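Numbered by the numbering used here, the letters in the sequence shown go through residues 238 to 302 in order.
All C-beta atoms, glycine included, are put in the ideal place defined by N, C-alpha and C.
Remember, it's a predicted structure, so these values are computed and weren't measured experimentally.
Notes follow the structure.
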Amino acid sequence: MPQTLTVTGMSCEHCEQTVQEALEAVDGVASATADHESEQATVDGDADPDTLIEAVEDAGYEAKA
């Protein structure tokens with residue numbers, strides 16, 4: 238079941254790619270997409286939401302489930 242995170246701080250496609258790569262590096266993530274215009278990231282897989290938020294924050298952005 239897909240999970241959606243609200244991600245703030247993204248301003249361009251490079252930011253989207255950074256967030257996407259950070260999420261895809263988390264164990265249990267099958268795929269991830271990020272969109273700076275909607276300030277959302279969607280993750281497919283069974284990763285823990287807190288771990289996903291931590292990965293986004295470690296990449297330099299703010300996130301909440």
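Exposure label - residue i; buried when at least 16 CB within 10 Å
i, result
"His251", "exposed"
"Ala262", "exposed"
"Met247", "buried"
"Gln257", "buried"
"Ala278", "buried"
"Ala267", "exposed"
Three-state secondary structure assigned by DSSP to residue i
i, result
"Val266", "strand"
"Asp287", "helix"
"Ala302", "coil"
"Ala292", "helix"
DSSP bridge partner residues for residue i (one or two, in chain order)
i, result
"Leu242", "Ala278"
"Ala271", "Ala278"
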